[in-house]
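Notes follow the structure.
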Amino acid sequence: MLTAPGDRGTAPPPRREPSEGHGSRSSVRSPSSVRGPRLCNLLIIAFLIVVALPIAALAFWGSRSSFRLEMESVPERHLLIARNLAAAMGRYGEDIKAAFGVAVDGNGLAAPAPALVDLLTSLDFLHVCILDPDGLPETGLKGLDGRSHPPGAPVLARLRDLVAANPGQVAISAVYHDDDGRPVFYLVRALPNGRMGLGVVSTAYLVSLQRSVMFGDKGYAMIVDGKGHVIAHPLPQWVATGRDLSGEPLVAAILKGQTGVGSFHSTAYGTDMVAGYAAVPSVGWGVLVSQPITELREHSDEVRTLAVMIAASSFIGVLCLTWMFALSLTRPLRQVAAIAEAVLAGNDEVSVPRFRGLVPQEIRRLGAAFNQMLAGLRRTAAETRQALHQAEMSSQAKTQFLANMSHELRTPLNEVIGSIELMRLTDLTQPQRRYLDSALASSKALLRVVDDILDLSKIETGKLELEMAPFHLPTLVHDVRLLLADQARAKGLTLAAVVPDSLNIVVLGDSHRLLQILSNLVGNAVKFTASGSVTIRVALEQELGSGLRLRFEVSDTGIGIAAGQQATIFEAFAQSDNSMTRRYGGTGLGLSIARQLCHMMDGDIGVRSEPGLGSTFWFTVYVQRSTALPPEVQAIAAEPGPEHSSPAAPVSGPTIAAPAPSSPPPAVSTPAGRAFQSALRQLGLSAPSILLVEDNPANMRVTVALLETLGCTVSTATDGLQAVAAYRSRRFDLVLMDCQMPEMDGYEATRAMRQLEHLTGRRTPIIAVTAHAMPGSREASLAAGMDDQLTKPLTLSALTDMLLAHLVPAETERSAER
Numbered sequence: 009m010l011t012a013p014g015d016r017g018t019a020p021p022p023r024r025e026p027s028e029g030h031g032s033r034s035s036v037r038s039p040s041s042v043r044g045p046r047l048c049n050l051l052i053i054a055f056l057i058v059v060a061l062p063i064a065a066l067a068f069w070g071s072r073s074s075f076r077l078e079m080e081s082v083p084e085r086h087l088l089i090a091r092n093l094a095a096a097m098g099r100y101g102e103d104i105k106a107a108f109g110v111a112v113d114g115n116g117l118a119a120p121a122p123a124l125v126d127l128l129t130s131l132d133f134l135h136v137c138i139l140d141p142d143g144l145p146e147t148g149l150k151g152l153d154g155r156s157h158p159p160g161a162p163v164l165a166r167l168r169d170l171v172a173a174n175p176g177q178v179a180i181s182a183v184y185h186d187d188d189g190r191p192v193f194y195l196v197r198a199l200p201n202g203r204m205g206l207g208v209v210s211t212a213y214l215v216s217l218q219r220s221v222m223f224g225d226k227g228y229a230m231i232v233d234g235k236g237h238v239i240a241h242p243l244p245q246w247v248a249t250g251r252d253l254s255g256e257p258l259v260a261a262i263l264k265g266q267t268g269v270g271s272f273h274s275t276a277y278g279t280d281m282v283a284g285y286a287a288v289p290s291v292g293w294g295v296l297v298s299q300p301i302t303e304l305r306e307h308s309d310e311v312r313t314l315a316v317m318i319a320a321s322s323f324i325g326v327l328c329l330t331w332m333f334a335l336s337l338t339r340p341l342r343q344v345a346a347i348a349e350a351v352l353a354g355n356d357e358v359s360v361p362r363f364r365g366l367v368p369q370e371i372r373r374l375g376a377a378f379n380q381m382l383a384g385l386r387r388t389a390a391e392t393r394q395a396l397h398q399a400e401m402s403s404q405a406k407t408q409f410l411a412n413m414s415h416e417l418r419t420p421l422n423e424v425i426g427s428i429e430l431m432r433l434t435d436l437t438q439p440q441r442r443y444l445d446s447a448l449a450s451s452k453a454l455l456r457v458v459d460d461i462l463d464l465s466k467i468e469t470g471k472l473e474l475e476m477a478p479f480h481l482p483t484l485v486h487d488v489r490l491l492l493a494d495q496a497r498a499k500g501l502t503l504a505a506v507v508p509d510s511l512n513i514v515v516l517g518d519s520h521r522l523l524q525i526l527s528n529l530v531g532n533a534v535k536f537t538a539s540g541s542v543t544i545r546v547a548l549e550q551e552l553g554s555g556l557r558l559r560f561e562v563s564d565t566g567i568g569i570a571a572g573q574q575a576t577i578f579e580a581f582a583q584s585d586n587s588m589t590r591r592y593g594g595t596g597l598g599l600s601i602a603r604q605l606c607h608m609m610d611g612d613i614g615v616r617s618e619p620g621l622g623s624t625f626w627f628t629v630y631v632q633r634s635t636a637l638p639p640e641v642q643a644i645a646a647e648p649g650p651e652h653s654s655p656a657a658p659v660s661g662p663t664i665a666a667p668a669p670s671s672p673p674p675a676v677s678t679p680a681g682r683a684f685q686s687a688l689r690q691l692g693l694s695a696p697s698i699l700l701v702e703d704n705p706a707n708m709r710v711t712v713a714l715l716e717t718l719g720c721t722v723s724t725a726t727d728g729l730q731a732v733a734a735y736r737s738r739r740f741d742l743v744l745m746d747c748q749m750p751e752m753d754g755y756e757a758t759r760a761m762r763q764l765e766h767l768t769g770r771r772t773p774i775i776a777v778t779a780h781a782m783p784g785s786r787e788a789s790l791a792a793g794m795d796d797q798l799t800k801p802l803t804l805s806a807l808t809d810m811l812l813a814h815l816v817p818a819e820t821e822r823s824a825e826r
């Protein structure tokens, strides 16, 4: 397309007009002025990357793999050598044990055969003898090396312990140093009558084995005895001192009889080593064959140097070939770009020429397709502009029609509803009143639908504005709860609200729209819940200076919503299931309006739900803290009352007129009534205003009669919701509160009433009336904020005493008694 319909609202200028064509160039950036890398350069870079990266990766992999292969193969090779040395040491150990056994058994030392002497000498025996029980030489081969080698007393004691640990066997000791400082080890064996065979063997053979193994510059083999002392090592001082290496991890593994490979840090050469190690269990020795890791790395460095040289030469060759290929490939593409610039400049009669020479087939097809595209765009440009104009006009007409129809429907509906309400005030028969009630309910339901449509049209046209005014947050929640209490009660549902004490505040916001969102969610929860409960929760999500982001949640135990349908329920005219409209009713506008209102209040809305387990709808809004009191609270606070009245508490509920007071109290005829009236006259009072909250009709009639007998003016409420509403609408001298009631019990109603004291500064005595006389009931009442408790059944005397205790000051009582 030559123009983007979604980007311009007017048609493009006609072709072939230089002045308008110039205007087009001024509004659209010319391709020739666009900055960026050239295709030729990109192709060169791409080819270099495609070829150079594999070469570099190959060079890097070669060096890395060379070192890795070295690290994998060398330990195994060292382990093989260590095992071979261990096998040789094991055979040597068996040989010296066998030769020693032949020498000390029988009369081998008494008349030694020359062959035996030669054998012992070839096995590096320095001395062989038999010691008596006192450790003195009894028989021996004198000076196999020309000298005698008797062990000292400490060594002899350890040798006897070794004999005791290996009864009847030839045992080999750890390495010791003889009088000449040479490292030797002893062979011992127990003989009859407490005697002991003793052989002294030098470490010459083991040293020769160690010296036969060398790797590179610093690779070596090391042999240790059964205690981790060095027998053979490249460093002579370690051999001379028999250095103890039992603390080294690999040597410790050898002492445990293990065989394997590992690495360690060599203190002898100050570098990390890789080694294979093996134990010789038959004699207790061990061998470790190691080589510095640095030597292995040097081998891999040689491979890397060679790989880099190969990569560099390959890179230079590829660079030259790529340069030639890129120039040949981009030449026809530059021609296509020039034609595109001409079209953008207003010359839409141009076309891409036919390519000749070694031009790739894909570029030839690109030129042909570009020419076809130009021809098609010339035909459809005008049609597209016309369709765009018609769509915009249709959308505006639809929106205006929807707004007009909503207003036109709402006006006669208001008249219908008003006429029905006026007619209900006339004298009617019972069937007529039922018909009017049904018509009124249907009219209000239709009005709610029309209001939703009007709100939606206002939002779409941008004409809906928020009104900012202070309101009491708990009161708003209670308004919603009271609004839907009858509907919930009719279905047997529990409608609860949870507002933390920290949110017993006045905020600045659009309470009407917030009430609309919350009542819509609660209404849906009640509609889609057959049994169980609906709960409203309010929480502070974030505090931003004087601003608050509040989170509201409405949870139910209803039918729930499938995960695949949750994303569509907030769209206009949408429900989670088409059958919902027939089964539960509704237009599907409520949640859409709620979402858009939340967005207008800088918030959001969402849902968590599982089918059959209920749903939790949540939304957030942004409000401001306010120090001003809402109008209804100002009216309550400004209302005059008796001088002795105490301040009352806040609640969260709408202002509902209290039930009309009962008829004027009858003449006082009882002593209790006369005493009560006398005390009241001393205060200048005649008829205290009492709010009686009682859900049992019989108990209410009896209590009202008792209070009227005492001369009180009585207003009644049948549950906690009505009680809170009545308390907000007027002032009372005292409240008698039943504790067990539906919807909102007496404890919750009392807490709601006590909340208002933070705003109005007055407090009213609240007396609990309960049939529970169990221990702890009074404490529960006081903890909820009540002042005292009366236990059913009520008597006139007990009721009088309670009223006097909380309506008449103590000073007046004492004065009356005197």
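Residue numbers (our numbering): 9 to 826. Every residue, glycine too, gets a C-beta built ideally from N, C-alpha and C.
Supposed close pair residue i, residue j - CB separation, criterion 8 Å
| i | j | result |
| --- | --- | --- |
| leucine 688 | serine 694 | 6 Å |
| proline 478 | glutamine 763 | No, proline 478 and glutamine 763 are not in contact; Cβ-Cβ is about 16 Å, not under 8 Å. |
| glutamine 218 | histidine 185 | Not quite, the Cβ-Cβ distance comes to about 18 Å (not below 8 Å), so this is no contact. |
| arginine 489 | leucine 503 | 6 Å |
| valine 196 | serine 181 | 7 Å |
| serine 617 | threonine 624 | 7 Å |
| valine 221 | valine 297 | 6 Å |
| valine 358 | alanine 350 | 5 Å |
Three-state secondary structure (DSSP) of residue i
| i | result |
| --- | --- |
| leucine 117 | coil |
| arginine 633 | strand |
| methionine 749 | coil |
| glycine 227 | strand |
| cysteine 137 | strand |
| leucine 263 | helix |
| proline 773 | coil |
| valine 196 | strand |
| tyrosine 755 | helix |
| alanine 617 | The sequence shown places serine at residue 617, not alanine. Strand, per DSSP. |
| serine 563 | strand |
| serine 510 | helix |
| tyrosine 285 | strand |
| tyrosine 735 | helix |
| glutamine 550 | strand |
| serine 298 | strand |
| threonine 434 | coil |
| valine 367 | coil |
| threonine 624 | strand |
| valine 159 | One point to set straight first is that residue 159 is proline, not valine, in the sequence displayed. Coil, per DSSP. |
| glycine 555 | strand |
| glutamate 357 | coil |
Close Cβ partners of residue i (< 8 Å) along its chain, the five nearest in sequence each way excluded
| i | result |
| --- | --- |
| tryptophan 246 | Val238 and Ala276 |
| isoleucine 301 | Met79, Ser271, Thr279, Asp280, Met281 and Val282 |
| glycine 598 | Asp460, Asn528, Gly531 and Asn532 |
| leucine 167 | Pro159, Ser181, Tyr194, Val196, Met204 and Leu206 |
| valine 712 | Ser670, Leu700, Val722 and Thr724 |
| aspartate 103 | Leu131 |
Cβ neighbours of residue i in the same chain (closer than 7 Å, five flanking residues each side left out)
| i | result |
| --- | --- |
| glycine 236 | Asp252, Leu253, Ser254, Val259 and Leu263 |
| alanine 107 | Leu127, Leu128 and Leu131 |
| valine 816 | Ala687 and Leu691 |
| arginine 559 | Ala547, Glu549, Trp626 and Thr628 |
Any C-beta of chain D under 8 Å from that of residue i
| i | result |
| --- | --- |
| glutamate 702 | Among the chains of the structure shown, chain D does not appear; only one protein chain is present. |
Cutoff 6 Å; reference residue i; Cβ partners in own chain excluding five residues on either side
| i | result |
| --- | --- |
| alanine 779 | Lys800 |
| lysine 105 | Val178 |
Inset, instruction - Flag this pair as touching only if the stretch 742–751 and the stretch 769–780 have three or more C-beta atom pairs under 8 Å; answer yes or no. - result: Cβ pair count under 8 Å is three or more, so yes.
Legend entry - Segment contact, 8 Å Cβ cut-off, at least three pairs: the stretch 173–182 with the stretch 116–129: The stretch 173–182, when compared against the stretch 116–129, does not touch it at the 8 Å Cβ threshold.
Inset, instruction - Determine contact between the stretch 327–347 and the stretch 366–385, defined as no fewer than three beta-carbon pairs at a distance below 8 Å. - result: Contact holds: three or more Cβ-Cβ distances are below 8 Å.
Inset, instruction - Please determine if the stretch 133–149 and the stretch 202–215 are in contact, where contact requires at least 3 C-beta pairs separated by less than 8 Å. - result: The answer is yes - the stretch 202–215 touches the stretch 133–149, with three or more Cβ pairs under 8 Å.
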